[in-house]
Structures are given as structure tokens and as C-alpha cells.
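Encoded as C-alpha cells, the structure appears first; notes follow it.
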Amino acid sequence: MSQMQPSQWLEWICSSKTLDELRDNYDQWASRYDADVSDVWSVVPTAGATMLAQHTPNKQHTVLDVGAGTGLAGVVLTSFGFQHLIGIDISPSMLKQAEAKGVYQSLVCCTIGDSEFGKIEPVESMIATGVFAKTHAGPTELTCLRAKLQPGGVLVFTARQSFLPVLQTTLEQPGWEQIDAKVLPIYDDPMHLLAYRANAN
Ligand SMILES: C[S@@+](CC[C@H](N)C(=O)[O-])C[C@H]1O[C@@H](n2cnc3c(N)ncnc32)[C@H](O)[C@@H]1O
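Residue numbers for the sequence shown, in the numbering used here: 4 to 204.
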């Protein structure tokens, strides 16, 4: 597979029917991911990391990068002064690329909500760019992430406009407050970048 156009890689990844197939596809893609997404996608982890930095004045806070992939958000978070980054992902090959960037203190190969994920201590800040989408993660995973946030903690994540209704009921739960929103006009189906705070109940 040579360098793909954005429409091709989106179609290919979105054709994954199961999480195992999705993992295999990301494993295959890992070594070319950064080059393939440099024109269109890389603005998304950059904007996500920027939004998280704006809502996290204390850069000593630990950030959990969920679906860290090759570590694009981690690189930007490090440039803002964050030094305690944990990355998780289902794809070992994507994590290998992230490890090579040398910005994560810890990288864990796991699925949101599984037993390895359960061992991670609750964090103050979390980012998940490109993770809430078909076959990737939905309302159950969003609930898991919220439970992993310390009271007052912030989650920044993305979802395409067509996927937002799937998350709506979970986003409307009490004690969960939207604090920022931005629309990134990439793709015909715009990408929403959202920040939520988990308030103490
Ligand atoms: C579109 S990529 C985004 C990677 C990175 N966050 C970025 O913005 O470049 C989505 C990543 O999420 C991971 N992923 C998808 N579903 C997941 C899940 N349920 N649990 C953990 N990781 C997941 C994939 O393996 C992939 O690396």
C-alpha cells in the first residue's frame, strides 16, 4: 500500500467490522500513518492538545492519551510543557511509533475498559483524538473514560458530526459539563473538538 489519499484511508479504516480487524488495520498502517495524515488529519491532534493545554494550567498533571496512535498529540502536549504522559492504544505497532517519539512515560497496549485499562490510576487530564468513531469507541467507552477522570478533571475528544448523536445521551449525564467546543472543517462531515469537565458529584 503506497501513500494513501485521505478519502482512501478513511474508507479503509471505517470498513473495519470488528475491533480485531481495526487493530490489524492500524498495525498495518502504523509505519506510514504520520506521512499519510500529515496534510489533513494532523491539525486534529494539534488542536486537541492545544485545547487541553488551555484548560489545564498545571502542566504537572498527568495526561492520559487514549488511542494515542503514533503519538502526534503527545508531541504537541510535550511542547506545551506536559511531562507526565501515559498513552494507551489497541495497536502494538501504532504504540511502537509512539514510543520512538520519546515523549510518553508509559505506553499500555489495551482497549478502553479492559482489565489492563482498569489498572491505570485516575488522571486529571485526558485526550482522545480520532477515537470516538464507528468500530472504535462509543458511549460505553466514553463512560469508562469519565470514570477514569479525577473530580474536576478534563477530557478533550473528537467526534465527527454524524457520530455525535451516538454519544449524546452519555454527554448529557449530570456532573459532566461541556467547557469548550470547536468545529474543525476537515472532511464533508465536520470534526467536532469538545472539552468536558467531570464535576465532583
Ligand atoms: C484515528 S487514530 C488516532 C490516533 C491519534 N490519537 C491521532 O490523533 O493521531 C485512532 C487510534 O485509536 C486506537 N483505538 C481505536 N479504538 C480503540 C479502543 N477502543 N481502545 C483503545 N484504542 C483504540 C487505534 O488503534 C488508533 O491508533
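Positions of the beta carbon are idealized from the N, C-alpha and C atoms, including for glycine.
Nonlocal neighbours in the same chain, by C-beta distance under 7 Å from T73, ignoring five residues either side: A33, Y36, D37, M97, Q100 and A101
Rounded separation between L25 and I16 - CA only: 7 Å
Close beta carbons around H64, own chain, < 6 Å, minus the five adjacent residues each side: E127 and S128
Cβ neighbour criterion (16 or more within 10 Å) applied to V186: exposed
Validate contact between the segment 184-201 and the segment 100-120 using beta carbons, cut 8 Å, 3 pairs: no
For K62 and D30, the rounded distance between their alpha carbons: 31 Å
Residues bridged to L110 (per DSSP): G90
Ligand 1 heavy atom lying under 8 Å from the CB of A71: yes
Beta-bridge partners of L67, as assigned by DSSP: I89 and M129
Within 9 Å, strictly: CB atoms of Q164 and P193: yes
Backbone CA spacing between Q86 and I130 [nearest angstrom]: 15 Å
Candidates P60, E175 and L110: closest to V157 by CA position: P60
Cβ distance (whole Å) where V66 is taken to contact L75 below 8 Å: That belief does not hold up - the Cβ atoms of V66 and L75 are roughly 14 Å apart, past 8 Å.
Three-state class that DSSP yields for W179 in the structure shown: strand
Any non-hydrogen atom of ligand 1 within 8 Å of A162 CB: no
Rounded Cβ spacing between V169 and G51 (contact assumed at less than 8 Å): Actually they do not touch by this definition, with Cβ atoms about 19 Å apart.
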